[in-house]
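Asker: Residue numbers (our numbering), protein chains in the order written: chain A, 18 to 401; chain B, 18 to 401.
For each residue, glycine too, the CB sits at the ideal point set by N, CA and C.
Protein chains: 2
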Amino acid sequence: MEFRDLLLGLVLVWIAAKLAGEAMERIGQTAVLGELLAGVIIGPGVLGLVHESQALHALAELGALILLFEVGLESDLSDLLRAGLQATLVALVGVAAPFAVGYAIMDWLGHPALLAVFVGATFTATSVGITARVLRDLGRLQDAAAKVVLGAAVVDDILGLIILAVVTGVAQTGSVSLATVGLLSGKAIAFLVVAILVGIRLAPALVRWIGRMQARGTLVVYSVVFAAALAAVADLMGLATIIGAFAAGLILATTERRAHIEEHIKPVADLLVPVFFVTVGMKVQPAMLNPFAESTQFSLAILLTAVAVVSKLVAGLAVYQRGVRRWPVAVGMVPRGEVGLIFAGVGLVAGVIAEDLYSALIVVVMLTTFAAPPWLKALYRGAP
Amino acid sequence: MEFRDLLLGLVLVWIAAKLAGEAMERIGQTAVLGELLAGVIIGPGVLGLVHESQALHALAELGALILLFEVGLESDLSDLLRAGLQATLVALVGVAAPFAVGYAIMDWLGHPALLAVFVGATFTATSVGITARVLRDLGRLQDAAAKVVLGAAVVDDILGLIILAVVTGVAQTGSVSLATVGLLSGKAIAFLVVAILVGIRLAPALVRWIGRMQARGTLVVYSVVFAAALAAVADLMGLATIIGAFAAGLILATTERRAHIEEHIKPVADLLVPVFFVTVGMKVQPAMLNPFAESTQFSLAILLTAVAVVSKLVAGLAVYQRGVRRWPVAVGMVPRGEVGLIFAGVGLVAGVIAEDLYSALIVVVMLTTFAAPPWLKALYRGAP
């Protein structure tokens, strides 16, 4: 009974994700960390309770798609335009420095260029969702520093997706030539620009047409159809599917039904996104990180985490405006989160990153995400 | 790129389902009919645009599970208790007569007992959701006849699930002995009684505990976990998974968070349930129903539809209360809808029903569902 196995697997995945996620939220962390840990524990690396079947894998991929669609839906293109030079500069430095340092260190350790590119790319990701939550909890969302971080986040998401598109293409062709990188960046930028410009013009008419339908559930189904269709187009162009889902979210965020779509996509995301995070965790092999084992990636994971944190703090140096505190901006950029996980996953599937390095990278993502909230809170303690 | 195929398949399934469903709603029919037709058209039988992959199949099965969970959530156990003798009698006759007639006619046509049992079982289903919508549109939901039909519906759903449990078990063992049938009925009834009695006692505490969680989406995830877990238990007992999902819905319908759960499960159902109906339609081979072909099941489909309609009308004879109009009750019981589809599907998967008979049965379900709304409207035309 194959369907029963899927049901039992899902029940375990969801219960583990919710319990661990709740525990993390209680200690002021993000639920995503708990879901990753839950995956490590129930996966083949520790308890071996759940294995990734084809159906579970498909649900996890749909989860990643819905996640990026939701991220796009919550981003505001006008925020991006308002973010201005200060936020853009922070985002650019926050992408360039970690990439350069990540690439350099792997190159220095004697790894091939393709692998070094993946590690660099994983380092570029920023997940300010976590930072935004901490700042909200502290009542600091109106601070000048908070506005810079949140503005930089939108720029960062877009830069990250372009890098991901390039990296995916590089993994497929296997070459890191300037021509390939140029072509792929061009395609990714062209896709985003064309999709967004055409989408923003057509979306209002489409949403009005959907509003005239009588059958139930029309809005949510067509929204997901839109995301899935753009994802498929991105894939056909040799880009990552999630760039299409993100573009679809950005476009629908400009329509009058945005709040309605967000509300209806939420329960779908609540069910599917944890499946993605748990299966990411399931691929981690904790044995490879055992500090007392002979062949260990433990020191590599610690080294990479330190590099990831320090290289991201450089973004704080890009703050030139008066009245914007440097440290909250720098620390706010540190958590790597979801996008970093997707980068590492693409590398694993493409065979560029081996399982032990993948495990180390997931640890980097988890530690950076774990470190940011208490650090930010400490920075604001006693501040006016 | 396997994930891209799934995305493209889903996009086609959703667009076809929504367009055909909308067209049906516009002519006063149910969207389900449109979704089935959409499946026939895009499936291998006609255009061959979409084929049922493993991932699509898993999504369709999850759709059937969510559908029955929703049906349970919308059912009211207190309605069932209030429905009283009149509604119970209508339901019993409305199940017994079609089963007997369906079995007899297939037996008379020389088919094996197991096949005759499946056809009889498919005939027992009632989908009063359609009737309820028509009565609501006509402003007749407070009629005595409407109350009898809606009360009978709940009894009918439960009887239908017990029959499905028995039929599933019979298909697995391959024997239709009195002992097997007795054992399976006993198991199904015991499962429902124990699940509901224990569930109703534990659910309020569980829902309160969930209410204390801070992470987002906790209620919807645990609700689906509950449905999936009971479905897996039912499956382990050799019953159909959907009986577990239905029981989970019935139980959660008694808690104070019922409306909240319904609201959050709706977008999930909106996305997954059409996948189920479309894949059901995809299995229909219209060529086998071509009236001009040599080897045709066309006359069988017409004969079975006539038998299915007439045998269900017998339920009207069970009306003994004064002031309850017989014909609206009888016609209100005619649509077979979702449950009939699931019966036929179980028979197909078990290899008891061949593809040509399956196609004929889907036609029976569609025609009975198609016939009821105009017939009901005609009955009420000019009525006080």
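Which residues in the same chain as residue 237 (chain A) place their Cβ atom closer than 8 angstroms to its Cβ, once the five residues preceding and following it in sequence are excluded?
Answerer: Closer than 8 angstroms at Cβ, skipping near neighbours: 278, 281, 282 and 285.
Asker: Give me the chain A residues within the contact set of residue 39 (chain B), using Cβ-Cβ distance strictly less than 9 angstroms, ordered along the chain.
Answerer: The answer, in chain order, is 230, 231, 232 and 235.
Asker: In whole angstroms, what separates the C-alpha of residue 203 (chain B) from that of residue 274 (chain A)?
Answerer: Computed Cα separation, rounded: 51 angstroms.
Asker: Residue 180 (chain B): buried (16+ other C-beta within 10 angstroms of its C-beta) or exposed?
Answerer: That one is buried.
Asker: Using a C-beta to C-beta distance shorter than 7 angstroms, which residues of chain D count as neighbours of residue 78 (chain B)?
Answerer: Going by chain labels, chain D is absent from the structure shown, which instead holds the protein chains A and B.
Asker: Given that a residue counts as buried once 16 or more other Cβ atoms are within 10 Å of its Cβ, and exposed if not, what is residue 216 (chain B)?
Answerer: Looking at its Cβ environment, which holds 16 or more other Cβ atoms inside 10 Å, residue 216 (chain B) is buried.
Asker: Does the Cβ-Cβ distance between residue 326 (chain B) and residue 386 (chain B) come in under 8 angstroms?
Answerer: Cβ atoms of residue 326 (chain B) and residue 386 (chain B): not closer than 8 angstroms.
Asker: Give the C-beta separation of residue 290 (chain A) and residue 84 (chain A) to the nearest angstrom, bearing in mind that I take them to be a contact with Cβ-Cβ under 8 angstroms.
Answerer: Their Cβ separation, rounded to whole angstroms, is 5 angstroms, which keeps residue 290 (chain A) and residue 84 (chain A) in contact under 8 angstroms.
Asker: Helix, strand or coil: how does DSSP classify residue 278 (chain A) here?
Answerer: Reduced to three states, the DSSP call for residue 278 (chain A) is helix.
Asker: Compute the Euclidean distance between the alpha carbons of residue 297 (chain A) and residue 375 (chain B), then round it to the nearest angstrom.
Answerer: Distance between the alpha carbons of residue 297 (chain A) and residue 375 (chain B) is about 41 angstroms.
Asker: So what's residue 340 (chain B) in DSSP terms, helix, strand or just coil?
Answerer: Coil, per DSSP.
Asker: What is the C-beta distance between residue 119 (chain A) and residue 136 (chain A), in whole angstroms, given that I count them as a contact (C-beta under 8 angstroms)?
Answerer: Contact holds; Cβ gap of about 5 angstroms.
Asker: Under three-state DSSP, which class holds residue 350 (chain A)?
Answerer: DSSP places residue 350 (chain A) in coil when its eight states are reduced to three.
Asker: Would residue 222 (chain A) and residue 35 (chain B) be called neighbours here (beta carbons separated by less than 8 angstroms)?
Answerer: No, the Cβ-Cβ distance between residue 222 (chain A) and residue 35 (chain B) is not below 8 angstroms.
Asker: Is the CB-CB distance between residue 65 (chain A) and residue 294 (chain A) below 8 angstroms?
Answerer: For residue 65 (chain A) and residue 294 (chain A), no; Cβs fall outside 8 angstroms.
Asker: Determine, using beta carbons only, whether residue 71 (chain B) comes closer than 8 angstroms to chain A.
Answerer: It does; some Cβ of chain A falls within 8 angstroms.
Asker: Looking at residue 305 (chain B) and residue 373 (chain B), is the spacing between their C-beta atoms short of 8 angstroms?
Answerer: Yes, they are a contact pair.
Asker: Could you tell me whether the Cβ atoms of residue 138 (chain B) and residue 315 (chain B) are closer together than 8 angstroms?
Answerer: The answer is no: Cβ separation not under 8 angstroms.
Asker: Which residue comes first and which comes last in the alpha helix (DSSP H) that contains residue 302 (chain B)?
Answerer: Run containing residue 302 (chain B): none; DSSP gives neither H nor E here.
Asker: Would you call the stretch 18 to 31 of chain B and the stretch 239 to 256 of chain A touching, i.e. three or more CB-CB distances under 8 angstroms?
Answerer: Taking 8 angstroms as the limit for Cβ pairs, the verdict is that the stretch 239 to 256 of chain A does touch the stretch 18 to 31 of chain B.
Asker: Going along the chain, which residues of the stretch 273 to 299 of chain B sit with their C-beta nearer than 8 angstroms to a C-beta in chain A?
Answerer: Per Cβ criterion, the list reads 281, 282, 283, 284, 285, 286, 287, 288 and 291.
Asker: Buried or exposed for residue 199 (chain A), please, with buried defined as at least 16 other CB atoms from any protein chain shown within 10 angstroms of its CB.
Answerer: Burial call: exposed.
Asker: Quick check on this structure: which residue in B:105, B:264 and B:48 has the alpha carbon closest to the alpha carbon of residue 350 (chain B)?
Answerer: That would be B:105, whose Cα lies nearest to the Cα of residue 350 (chain B).
Asker: Rounded to whole angstroms, what's the CA-CA distance from residue 337 (chain B) to residue 230 (chain A)? Just pull it up for me.
Answerer: Near 42 angstroms, if we compare the C-alpha coordinates of residue 230 (chain A) and residue 337 (chain B).
Asker: Please confirm whether residue 35 (chain B) has its beta-carbon closer than 8 angstroms to some beta-carbon of chain A.
Answerer: Yes - at least one Cβ of chain A is within 8 angstroms of the one on residue 35 (chain B).
Asker: Tell me, please, whether the CB atom of residue 32 (chain A) is closer than 8 angstroms to any CB atom in chain B?
Answerer: Interface residue, yes.
Asker: Run down chain A in chain order and give the residues with a C-beta less than 8 angstroms from the C-beta of residue 43 (chain B).
Answerer: Within 8 angstroms Cβ-Cβ: 231.
Asker: Within 8 angstroms of any Cβ in chain A, is that where the Cβ of residue 154 (chain B) sits?
Answerer: No, no contact with chain A.
Asker: Select from A:78, A:68 and A:67 the residue whose C-alpha is nearest the C-alpha of residue 72 (chain B).
Answerer: Among A:78, A:68 and A:67, the Cα nearest to that of residue 72 (chain B) belongs to A:78.
Asker: Given a threshold of 16 other Cβ atoms within 10 Å of its Cβ, counted over all protein chains shown, does residue 328 (chain A) qualify as buried or as exposed?
Answerer: By the neighbour-count rule (16 or more Cβ atoms within 10 Å), residue 328 (chain A) is buried.
Asker: In the stretch 245 to 265 of chain A, which residues sit with their C-beta less than 8 angstroms from some C-beta in chain B, listed in chain order?
Answerer: If the cut-off is 8 angstroms between Cβ atoms, the stretch 245 to 265 of chain A has 245, 246, 248, 249, 252, 253 and 258 near chain B.
Asker: Listed from N- to C-terminal order along the chain, which residues in the stretch 325 to 344 of chain B have their beta-carbon within a distance smaller than 8 angstroms of any beta-carbon of chain A?
Answerer: Against chain A - using a Cβ distance shorter than 8 angstroms - the stretch 325 to 344 of chain B contributes no residues.
Asker: Using CA atoms only, rank isn't needed, just tell me which of A:61, A:113 and A:122 is closest to residue 30 (chain A).
Answerer: Minimum Cα distance to residue 30 (chain A) is reached at A:61.
Asker: Pick helix, strand or coil for residue 126 (chain A), following the three-state DSSP scheme.
Answerer: Here residue 126 (chain A) sits in coil by DSSP.
Asker: Give me the residue from B:287, B:214, B:377 and B:303 with the minimum Cα distance to residue 269 (chain B).
Answerer: Measuring from the Cα of residue 269 (chain B), the nearest candidate turns out to be B:214.
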